[in-house]
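Numbering (the working numbering), first residue to last: 39 to 219.
The beta-carbon is built from N, C-alpha and C at its ideal position, and this holds for glycine as well.
Inspection log for the structure reproduced underneath, given as C-alpha coordinates.
Okay, structure coming up:
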(Lines of atoms letter the chains of each structure in order from A and count residues from 1; the text may use other names and numbers.)
(Lines give C-alpha, C1' and ligand atoms only; values in the text may rest on other atoms or scores of the structure.)
Protein backbone atom coordinates (compact mmCIF):
# COMPACT_ATOMS: atom_id res chain seq x y z
CA UNK A 1 0.00 0.00 0.00
CA UNK A 2 1.22 3.50 -0.77
CA UNK A 3 0.09 7.10 -0.60
CA UNK A 4 -3.07 7.09 -2.70
CA UNK A 5 -3.42 10.87 -2.48
CA UNK A 6 -0.93 11.37 -5.38
CA UNK A 7 -0.11 14.86 -4.07
CA UNK A 8 2.74 16.25 -2.01
CA UNK A 9 1.88 15.96 1.64
CA UNK A 10 1.25 19.13 3.62
CA UNK A 11 1.83 20.12 7.23
CA UNK A 12 -1.24 19.37 9.32
CA UNK A 13 -2.43 16.46 7.17
CA UNK A 14 -3.22 13.12 8.77
CA UNK A 15 -2.42 9.79 7.10
CA UNK A 16 -1.98 6.17 8.12
CA UNK A 17 1.57 4.87 8.53
CA UNK A 18 2.96 1.47 9.53
CA UNK A 19 5.56 1.85 12.29
CA UNK A 20 6.26 -1.89 12.20
CA UNK A 21 7.38 -3.61 15.40
CA UNK A 22 9.42 -1.67 17.94
CA UNK A 23 10.59 -2.32 21.48
CA UNK A 24 9.89 -0.30 24.59
CA UNK A 25 7.65 2.74 24.41
CA UNK A 26 8.15 3.47 20.71
CA UNK A 27 4.87 3.34 18.80
CA UNK A 28 4.07 0.16 16.87
CA UNK A 29 1.87 -0.88 14.02
CA UNK A 30 -0.48 0.75 11.57
CA UNK A 31 -1.82 4.02 12.98
CA UNK A 32 -2.63 7.61 12.07
CA UNK A 33 0.20 10.13 11.93
CA UNK A 34 0.30 13.91 11.67
CA UNK A 35 2.64 15.58 9.18
CA UNK A 36 4.64 18.14 11.20
CA UNK A 37 7.31 19.09 8.64
CA UNK A 38 6.92 22.50 6.96
CA UNK A 39 5.40 22.71 3.50
CA UNK A 40 8.61 24.28 2.13
CA UNK A 41 10.49 21.07 2.93
CA UNK A 42 7.60 18.79 1.93
CA UNK A 43 7.46 20.40 -1.51
CA UNK A 44 11.07 19.61 -2.43
CA UNK A 45 11.66 16.38 -0.53
CA UNK A 46 10.61 12.78 -0.90
CA UNK A 47 10.59 12.43 2.90
CA UNK A 48 8.59 14.15 5.63
CA UNK A 49 8.46 14.24 9.41
CA UNK A 50 5.42 12.79 11.18
CA UNK A 51 4.20 12.43 14.75
CA UNK A 52 2.23 9.39 15.93
CA UNK A 53 -1.44 9.69 16.87
CA UNK A 54 -3.01 7.43 19.50
CA UNK A 55 -6.46 6.68 20.87
CA UNK A 56 -4.90 5.96 24.29
CA UNK A 57 -5.48 9.50 25.53
CA UNK A 58 -3.19 9.81 28.56
CA UNK A 59 -0.98 12.42 30.20
CA UNK A 60 -2.68 15.31 28.41
CA UNK A 61 -0.90 17.67 30.80
CA UNK A 62 2.33 17.05 28.86
CA UNK A 63 3.04 19.80 26.33
CA UNK A 64 3.88 17.11 23.75
CA UNK A 65 0.40 15.54 23.96
CA UNK A 66 -2.16 17.55 21.97
CA UNK A 67 -5.76 16.37 22.17
CA UNK A 68 -7.45 16.19 18.76
CA UNK A 69 -10.74 14.56 19.76
CA UNK A 70 -12.81 12.98 17.00
CA UNK A 71 -12.03 15.80 14.59
CA UNK A 72 -10.07 16.05 11.34
CA UNK A 73 -11.29 12.69 10.03
CA UNK A 74 -10.34 10.72 13.17
CA UNK A 75 -13.10 8.27 14.13
CA UNK A 76 -12.15 7.93 17.84
CA UNK A 77 -11.00 10.43 20.48
CA UNK A 78 -7.28 10.82 19.78
CA UNK A 79 -4.19 12.81 20.62
CA UNK A 80 -0.94 13.45 18.78
CA UNK A 81 2.26 12.53 20.63
CA UNK A 82 4.89 15.04 19.58
CA UNK A 83 7.65 13.09 21.32
CA UNK A 84 6.95 10.16 18.93
CA UNK A 85 8.52 11.70 15.81
CA UNK A 86 9.82 9.87 12.75
CA UNK A 87 11.17 10.78 9.32
CA UNK A 88 9.36 8.73 6.67
CA UNK A 89 9.13 8.49 2.90
CA UNK A 90 6.11 10.40 1.66
CA UNK A 91 5.22 7.40 -0.50
CA UNK A 92 4.98 5.23 2.64
CA UNK A 93 2.03 7.25 3.95
CA UNK A 94 -1.25 5.44 3.36
CA UNK A 95 -4.80 6.67 2.94
CA UNK A 96 -5.34 10.36 3.65
CA UNK A 97 -7.53 10.77 6.75
CA UNK A 98 -7.95 14.51 7.18
CA UNK A 99 -6.39 17.93 7.70
CA UNK A 100 -5.97 20.04 10.83
CA UNK A 101 -7.06 23.41 9.57
CA UNK A 102 -7.74 25.52 12.65
CA UNK A 103 -5.04 27.94 13.78
CA UNK A 104 -5.50 27.29 17.51
CA UNK A 105 -4.69 23.57 17.21
CA UNK A 106 -1.83 24.21 14.77
CA UNK A 107 -0.36 26.78 17.20
CA UNK A 108 -0.62 24.25 20.06
CA UNK A 109 1.24 21.73 17.90
CA UNK A 110 3.97 24.25 17.02
CA UNK A 111 4.37 25.21 20.67
CA UNK A 112 4.44 21.52 21.69
CA UNK A 113 7.15 20.77 19.10
CA UNK A 114 9.26 23.68 20.35
CA UNK A 115 8.97 22.40 23.91
CA UNK A 116 9.71 18.81 22.87
CA UNK A 117 12.91 19.81 21.06
CA UNK A 118 14.08 22.30 23.69
CA UNK A 119 13.47 25.31 21.45
CA UNK A 120 10.97 26.94 23.80
CA UNK A 121 12.35 29.62 26.07
CA UNK A 122 10.34 30.39 29.15
CA UNK A 123 9.84 34.10 29.58
CA UNK A 124 11.30 34.94 32.97
CA UNK A 125 10.75 38.66 32.36
CA UNK A 126 7.05 38.53 33.13
CA UNK A 127 5.60 41.13 35.43
CA UNK A 128 5.02 39.87 38.93
CA UNK A 129 7.03 38.22 41.64
CA UNK A 130 8.92 34.97 41.23
CA UNK A 131 8.72 32.89 44.37
CA UNK A 132 9.90 29.41 45.21
CA UNK A 133 6.97 27.55 46.77
CA UNK A 134 6.58 24.07 48.21
CA UNK A 135 3.27 22.25 47.52
CA UNK A 136 1.72 23.42 50.82
CA UNK A 137 2.59 27.10 50.33
CA UNK A 138 1.54 26.90 46.67
CA UNK A 139 -1.87 25.58 47.79
CA UNK A 140 -2.22 28.64 50.07
CA UNK A 141 -1.68 30.96 47.09
CA UNK A 142 -4.06 28.97 44.89
CA UNK A 143 -6.84 29.32 47.46
CA UNK A 144 -6.52 33.09 47.22
CA UNK A 145 -8.34 34.06 44.01
CA UNK A 146 -6.53 37.43 43.92
CA UNK A 147 -3.44 35.89 42.30
CA UNK A 148 -2.55 34.36 38.95
CA UNK A 149 0.02 31.60 39.49
CA UNK A 150 2.10 29.80 36.86
CA UNK A 151 5.23 27.72 37.06
CA UNK A 152 8.33 29.42 35.65
CA UNK A 153 9.73 26.25 34.06
CA UNK A 154 7.52 23.14 34.23
CA UNK A 155 10.42 20.96 33.06
CA UNK A 156 12.81 21.88 35.87
CA UNK A 157 13.31 18.83 38.07
CA UNK A 158 15.61 20.04 40.81
CA UNK A 159 13.86 21.73 43.70
CA UNK A 160 14.89 24.79 45.69
CA UNK A 161 14.01 25.96 49.18
CA UNK A 162 10.54 27.46 49.58
CA UNK A 163 10.65 31.22 50.23
CA UNK A 164 8.07 30.88 53.01
CA UNK A 165 8.79 27.69 54.97
CA UNK A 166 12.16 26.41 53.63
CA UNK A 167 10.71 23.07 52.44
CA UNK A 168 11.48 22.14 48.84
CA UNK A 169 9.52 23.45 45.86
CA UNK A 170 9.64 25.13 42.45
CA UNK A 171 9.68 28.71 41.15
CA UNK A 172 6.31 30.28 40.31
CA UNK A 173 5.22 33.59 38.85
CA UNK A 174 2.82 35.27 41.27
CA UNK A 175 0.79 38.08 39.69
CA UNK A 176 -1.67 40.19 41.67
CA UNK A 177 -4.86 40.32 39.54
CA UNK A 178 -5.65 43.84 40.78
CA UNK A 179 -2.41 45.10 39.17
CA UNK A 180 -3.00 43.58 35.73
CA UNK A 181 -5.44 46.24 34.52
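Three-way DSSP call (helix, strand, coil) for residue 98 in this model: coil
Residue 107, buried or exposed, once every other Cβ within 10 Å from all chains shown has been counted against 16: exposed
If I measure Cβ to Cβ from residue 80 and keep anything under 8 Å in the same chain, skipping five residues before and after, which residues do I get? 46, 47, 48, 49, 73, 86, 128
Pick helix, strand or coil for residue 137, following the three-state DSSP scheme. strand
Return the first residue and the last residue of the beta strand (DSSP E) that residue 127 is part of. 116-127
Looking only at DSSP bridge pairs, what is residue 107 linked to? 116
Indicate the three-state DSSP secondary structure (helix, strand or coil) for residue 75 in the structure shown. coil
Indicate the three-state DSSP secondary structure (helix, strand or coil) for residue 175 in the structure shown. helix
From the DSSP output, in three-state form, read off residue 156 for me. coil
Taking 8 Å as the threshold (C-beta atoms), are residue 109 and residue 91 in contact? no
Based on the DSSP output, what are the partners of residue 203 in its beta bridges? Bridge partners of residue 203: none, in fact.
For residue 132, the residue or residues it bridges with in DSSP: 54
Here's the rule: buried if 16 or more other CB atoms are within 10 angstroms of the residue's CB, otherwise exposed. What is residue 207? buried
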